[in-house]
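In what follows, a structure is listed as structure tokens, so that the remarks can point back to it.
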Amino acid sequence: MARNAIRDVTKAWTSRNIPYVIKTDDFSKYHRSTHIALIHQAMEEYHLQTCIRFVPRTNQPDYIHMKKLTGCWSGVGVAGGEQEVSFGNGCIHKGIMMHELMHAVGFWHEQSRSDRDDWVVIQWENIQDGKAHNFNKYSQTEVDTLGAPYDYGSVMHYSATSFSKSGLPTIVARTPTDEVMGQRNGFSTTDVQKINQLYSC
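Last residue of the sequence shown: 201 (UniProt numbering), numbering continuous.
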């Protein structure tokens, strides 16, 4: 469908309106209003920059259910039925929430692209035990780049030390860049373009 996006059209949402539920009771009562506000701010970035609209669920069978579980994670694309998106401890940041929602919309990590080895070097020896699967690379039959350039500054890119066991780099750029790998300040220009392309905005 799009750069580091799902190829399987059945995994893209059939509508630009994506139903959601927030399990508010999961969030600490002392910080609940702040955390819920951040979720809404993350969704609003999609509303401002793309044609995706997160809409409160009524009776739609397919929807995302945002919860405070363990870690920050989401499935990629529509799963069918209830689809959990976790904003656990350490995930209460607008940029991280945008990242997880971009998974739910249908995007893999940027460094999962089939051509990633042309752009980055994975330092396998520096990765925490049991975490190497997070650096899996997907084939062209699984991920469609649409010819878009590799985006070091994507909100979907890992940082240079993600899952490091020693503080040493786990990802090194082959090409000098001013972009910050792993930034969570917001969408890159290419992120926005590709979301809009995926959903024919």
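Idealized CB from N, CA, C, for every residue including glycine.
Distance, residue j Cα to residue i Cα
i, j, result
"M156", "E100", "9 angstroms"
"L69", "G88", "5 angstroms"
"A132", "W124", "7 angstroms"
"Y152", "G130", "25 angstroms"
"T145", "D117", "14 angstroms"
"V21", "M66", "6 angstroms"
Reduced DSSP secondary structure (H/G/I, E/B, other) of residue i
i, result
"F163", "coil"
"R116", "helix"
"F27", "coil"
"Q49", "helix"
"N136", "coil"
"H157", "coil"
"T14", "coil"
"H93", "coil"
"V55", "strand"
"V78", "coil"
"Q60", "coil"
Candidates the options, of which the one nearest residue i by Cα
i, options, result
"A42", "T24, K23, D62, M98", "M98"
"D62", "E82, L48, C72", "E82"
"L168", "Q128, C72, Y138", "Q128"
"C91", "R113, K165, L38, P176", "L38"
Residue i vs residue j beta-carbon contact at 8 angstroms
i, j, result
"V55", "I18", "yes"
Contact between the segment 181-193 and the segment 155-173 is defined here as three or more beta-carbon pairs at a separation below 8 angstroms; is this criterion met?
yes
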